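> Quick one: the structure is below, and I'll ask about it shortly.
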Amino acid sequence: MKTTGLRSLILYIIGIGFLAGIIFFICSYFIQGGTWAIRPSNAHITNNGQLAYSGEITDHDGNLLSYSKDGVQQYHDNALIRRATLHVIGDPNGYISTGAQYAFRTQLSGFNALTGVVSPFGNAITGSNIKLTISSEVSAAALQALGDKKGAVAVYNYKTGQVLCLVSSPTFDPLQIPSDIETNSSYEGVYLNHALSSAYTPGSIFKIITSAAAIEKIPDLDTRTFHCAGSTVINGETIHCDSIHGDISFENGLAQSCNVVFAQLSVELGKDSMTTYADQLGCNTNFYLDGNPSAMSVYNVDSADDNSLAWSGIGQYSNTVNPFHMMILTGAIANGGTPVEPYIIHSVTNSIGLQTKIGKTKTGTTMLKQSTALELQRLMRRTVSNFYGDSMFPGLQAAAKTGTAEIGENKIPTGWIIGYCQNENVPLAFAVVVEEGNYGRSSAGTVANTVLQKAASLYT
Numbered sequence: 001m002k003t004t005g006l007r008s009l010i011l012y013i014i015g016i017g018f019l020a021g022i023i024f025f026i027c028s029y030f031i032q033g034g035t036w037a038i039r040p041s042n043a044h045i046t047n048n049g050q051l052a053y054s055g056e057i058t059d060h061d062g063n064l065l066s067y068s069k070d071g072v073q074q075y076h077d078n079a080l081i082r083r084a085t086l087h088v089i090g091d092p093n094g095y096i097s098t099g100a101q102y103a104f105r106t107q108l109s110g111f112n113a114l115t116g117v118v119s120p121f122g123n124a125i126t127g128s129n130i131k132l133t134i135s136s137e138v139s140a141a142a143l144q145a146l147g148d149k150k151g152a153v154a155v156y157n158y159k160t161g162q163v164l165c166l167v168s169s170p171t172f173d174p175l176q177i178p179s180d181i182e183t184n185s186s187y188e189g190v191y192l193n194h195a196l197s198s199a200y201t202p203g204s205i206f207k208i209i210t211s212a213a214a215i216e217k218i219p220d221l222d223t224r225t226f227h228c229a230g231s232t233v234i235n236g237e238t239i240h241c242d243s244i245h246g247d248i249s250f251e252n253g254l255a256q257s258c259n260v261v262f263a264q265l266s267v268e269l270g271k272d273s274m275t276t277y278a279d280q281l282g283c284n285t286n287f288y289l290d291g292n293p294s295a296m297s298v299y300n301v302d303s304a305d306d307n308s309l310a311w312s313g314i315g316q317y318s319n320t321v322n323p324f325h326m327m328i329l330t331g332a333i334a335n336g337g338t339p340v341e342p343y344i345i346h347s348v349t350n351s352i353g354l355q356t357k358i359g360k361t362k363t364g365t366t367m368l369k370q371s372t373a374l375e376l377q378r379l380m381r382r383t384v385s386n387f388y389g390d391s392m393f394p395g396l397q398a399a400a401k402t403g404t405a406e407i408g409e410n411k412i413p414t415g416w417i418i419g420y421c422q423n424e425n426v427p428l429a430f431a432v433v434v435e436e437g438n439y440g441r442s443s444a445g446t447v448a449n450t451v452l453q454k455a456a457s458l459y460t
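Here the sequence shown stands for residues 1 to 460, where the numbers follow my numbering.
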């Protein structure tokens, strides 16, 4: 009897283990089946890391940007659009890992749990089609505006979360890959989407973060007067300003980008407050675009003396920021302190025509108190209307901040602009960075206006 009972127990254990294994496999299949299907070992599905039979990728207007024909990846027939959308779509070799061809290959493969990657009738491999939120026309305008400069342009609808433009330069034509792409320095970093995966010294755009901290932590900020004689000495070292502003208020200090004002504010706020607000406004963390992580904006003053702390609040020292993060931050300001999460996949349509809406409007983590966001709205709008001039962004009621980031001796500074449109018909937040652009107002500002005017034509 004891032997029979032991054997029964063993059989029960084996049976339970077998059942658990079956359940685990089924769950894994439904969760990871798409990933299994597109492994390189499945040579009939993939070709050199890319899908041999992928669905179509279109922009938000239905323009065909990429598709597969006879196992070869095809692209838009316009070379400018091919170059402008390269980092969103991807390259033929799969080196751009954030491109849709690579990052969204499970969706493009057309995999589903019932039929795998074949049609319901089993007659052919068919991929699903992806509709993106980007505009190929706006993207082309952005790349043209950048000209021969390296940089990035990020634009999204801060009310819905739809990414309209995510352009990176340098770039290349995926149908005519340069023979010297690996050796020519002008193509350095070409496989990175710099809007999403790079970080740059911010310069004066970081004063928006310092301003948020000052608005909340310094009670007499509105009535205080600073004195700018063209420089100030902190911890025995001189911090220079581009102009001699004389007696100046905080709001004029932001509008005229006075380094003396922000150096003094940063030291008064101290390391703890500066770090708290930098973190709260998105530094030292990653943001995501449909699963693709952004590069992290970094703010670290743990070992900084007062002079270095002052430079950090101005946007120099060791600070780096990511354009995608800066776009989200200005979107949060536009929305009263809480950003809408960006997305780039609008929908997926399978081989039998069933469309699934993927992108949805979702609010992110609150970055700012509403009162602080409203004050930043006022200050950024005033900066444009009273100092840059509304002719910089005709008809858009832009609220913005420019930056000129010093990156080392004998190197031309990086130009920046971040902001958003208060015109309700064009609810766009943006970030533009131009390497070796020098003054942000003339370099990044010009690019931003070109892109926003093109985008506005789609909204009106």
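We treat Cβ as the ideally placed atom computed from N, Cα and C, and that holds for glycine.
Computed from a predicted structure; not experimentally measured.
(1) With GLU182 and ASN129 assumed to form a contact (beta carbons below 8 Å), what rounded beta-carbon distance in angstroms separates them?
(2) Check the C-beta distance from HIS194 over to ALA141 and give it rounded, since I have them as a contact under 8 Å.
(3) If you measure between the beta carbons of ILE209 and GLY230, is that distance less than 8 Å?
(4) Measuring CA to CA, which of ASN322, GLY403, LYS149 and PRO174 is closest to SER66?
(5) Would you call the CB atoms of LEU132 and HIS60 closer than 8 Å?
(6) What three-state label does DSSP hand PRO323 in the structure shown?
(7) Could you name the residues that DSSP lists as bridge partners for GLY151?
(8) Going by DSSP in three states, GLY33 sits in which element: helix, strand or coil?
(9) Going along the chain, which residues of its own chain have a beta-carbon closer than 6 Å to the beta-carbon of LEU376, five neighbours each way excluded?
(10) Looking at GLN461: is its Cβ nearer than 8 Å to the Cβ of GLN397?
(11) Taking the CB atoms as reference points, tell me whether GLY221 and MET274 lie closer together than 8 Å.
(12) For TYR480 and LEU146, which I take to be in contact (beta-carbon distance under 8 Å), what is that distance rounded to the nearest angstrom?
(13) Below 8 Å on the Cβ atoms is my contact criterion, and I expect GLY437 with ILE205 to pass it. Report the Cβ-Cβ distance as a whole number of Å.
(14) Taking the CB atoms as reference points, tell me whether GLY337 and ALA295 lie closer together than 8 Å.
(15) Within this structure, are the beta carbons of ALA154 and ALA431 separated by less than 8 Å?
(16) Hey, ALA400 and THR383: beta-carbon distance below 8 Å or not?
(17) From the DSSP output, which residues share a beta bridge with THR238?
(18) Taking the alpha-carbon positions, what's the ASP290 to ASN184 distance?
(19) Within its chain, find whatever has a CB closer than 7 Å to the CB of ALA448; leave out the 5 residues flanking it on each side and keep chain order.
(20) For TRP36, which residues in the same chain have their Cβ closer than 7 Å to its Cβ, ignoring the five residues on either side in sequence?
So, from the data block:
(1) Going by Cβ atoms, the distance from GLU182 to ASN129 rounds to 33 Å, so no, they are not a contact pair.
(2) Not really, about 18 Å apart at Cβ, beyond 8 Å.
(3) no
(4) PRO174
(5) yes
(6) helix
(7) SER169 and VAL434
(8) A caution first: GLY33 carries a pLDDT of 44, below 50, which makes its placement in the model unreliable, though a value can still be read off. If DSSP states are grouped into helix, strand and coil, GLY33 belongs with the helices.
(9) ILE333
(10) Outside the shown range of the chain, which is 1 to 460, sits residue 461, and nothing can be said about it.
(11) Checking the displayed sequence, the identity of residue 221 turns out to be Leu instead of Gly. Cβ atoms of LEU221 and MET274: not closer than 8 Å.
(12) In the structure displayed, the chain extends from 1 to 460; residue 480 sits before or after that span and is not available.
(13) That belief does not hold up - the Cβ atoms of GLY437 and ILE205 are roughly 13 Å apart, past 8 Å.
(14) no
(15) yes
(16) yes
(17) VAL233
(18) 32 Å
(19) ILE417, PHE430 and VAL432
(20) Here TRP36 scores only 39 on pLDDT, less than 50, and its place in the model is too uncertain to base an answer on.
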